[in-house]
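Just remember that the working numbering sits 12 ahead of the position in the sequence shown, which is counted from 1.
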Amino acid sequence: MRFAALYSHQFGKRMVANLLNEPGHCRACGPVCDGCKYDMYSLVDSLVAVEELPKPEELPPFVDEPEDHLPELPPVDVLVAIGLHPDLLVALSEVYEIKALIVPVEEPDWIDPWIEEKLREVCEENSVELTVARPGCDLEPSGPVTEAFCDAGMIGRPKLFMKVEDGVVIDVHVVRSAPCGCTWFVAKRLVGVDADPEEVKATVSEAHHSYPCTASMEVDKHVGDTLLHVAGRLHIEAALRALEEATDTDA
13 MRFAALYSHQ
23 FGKRMVANLL
33 NEPGHCRACG
43 PVCDGCKYDM
53 YSLVDSLVAV
63 EELPKPEELP
73 PFVDEPEDHL
83 PELPPVDVLV
93 AIGLHPDLLV
103 ALSEVYEIKA
113 LIVPVEEPDW
123 IDPWIEEKLR
133 EVCEENSVEL
143 TVARPGCDLE
153 PSGPVTEAFC
163 DAGMIGRPKL
173 FMKVEDGVVI
183 DVHVVRSAPC
193 GCTWFVAKRL
203 VGVDADPEEV
213 KATVSEAHHS
223 YPCTASMEVD
233 KHVGDTLLHV
243 AGRLHIEAAL
253 RALEEATDTD
263 A
């Protein structure tokens, strides 16, 4: 599995750092970090290239020759594109030899309905799996290549496994994390919390905001809510589902 990432937003750095998972990269817990995610996975050996591109506002509104603004890349299985100029985004499956394209959307204006429709058409023409996630933590693989990549990096829509004892959450395992890594922080914060749905919801909400989440507070018409709220809701749903499935060993 070979992958590359092109980004024009800080979320790109955060996602790549989470995928590489090198010890010390996550500082969310500060001095009490116990390295919970290290040695669990790493895509260091799969990374081919990471390139930061100009922000959309630094380029002309319409880019006639997008390839002139894109770096050279060898063939890869998966290309992650974050916050790119729309014309550059649409050109990716034509310029590069790729099998899958993942486009996390942290701000509504990153990709409008017309651009998304055009992107899907071009990817289909080039037999490229396309996954657009609004926001990034709503990532659901669109095909086998994307699914293999997400499994290797333990990313996608958040999923947790929880253990409860005497009415208290005693352990939380991350099955799948948001691409930015926030789910690992949420899991740590849940340990020691009363196994009560309202307590769990409140803890997840506080942890999600503290990480902090980079999703926009602007309403995305595609989802009918702000992407920040969607991200928070996905984590709350994951925690409540894990709580419901957990068995209190001393109940």
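All residues carry an ideal CB built from backbone N, CA and C; glycine is no exception.
| Query | Result |
| --- | --- |
| Distance CB(L100)-CB(L82) smaller than 8 Å | yes |
| C-beta atoms of P35 and G47 nearer than 8 Å | yes |
| Inter-residue spacing [alpha-carbon to alpha-carbon] between P116 and I123 | 10 Å |
| Nearest-angstrom beta carbon gap, L18 and A103 [assumed within contact, 8 Å] | About 11 Å; that fails the 8 Å criterion. |
| 7 Å CB neighbourhood of S228 in its chain, flanking five on each side removed | E118, E119, P120, T238, L239, L240 |
| Proximity of A250 and K171 at Cβ, strictly below 8 Å | yes |
| Assumed close pair M13, A160 - CB separation to whole angstroms, cut-off 8 Å | 6 Å |
| Alpha-carbon spacing of A145 relative to R169, whole angstroms | 9 Å |
| Residue interval of the beta strand (DSSP E) (run including D183) | 180-188 |
| Ordered list of alpha helix (DSSP H) runs contained in the stretch 199-223, each at least 4 residues | 209-222 |
| Anticipated Cβ contact below 8 Å, N30 with P191, distance rounded | 6 Å |
| Alpha carbon of T195 to alpha carbon of S58, nearest angstrom | 22 Å |
| Proximity below 8 Å, CB of V186 to CB of M166 | yes |
| From E137, D178, I114, residue whose alpha carbon lies closest to that of T158 | I114 |
| Classification of S20 by the beta-carbon crowding that lies within 10 angstroms, buried from 16 upward | buried |
| E230 classed as buried or exposed, judged by whether at least 16 other C-beta atoms fall within 10 angstroms | exposed |
| Distance, V56 Cα to A164 Cα | 11 Å |
| Own chain residues within Cβ distance below 8 Å of R188, not counting five before or after | C162, M166, I167, G168, R169, P170, K171, T195 |
| When E141, D76, D89, D178 are compared against T259, the one with the closest alpha-carbon | D178 |
| K171 - containing beta strand (DSSP E), residue span | 171-177 |
| Assumed close pair A16, V88 - CB separation to whole angstroms, cut-off 8 Å | 5 Å |
| Nearest to P72 (by Cα), restricted to the options L96, M52, V60, V90 | L96 |
| Check whether V62 and E79 have beta carbons under 8 Å apart | no |
| Cβ neighbour criterion (16 or more within 10 Å) applied to P153 | buried |
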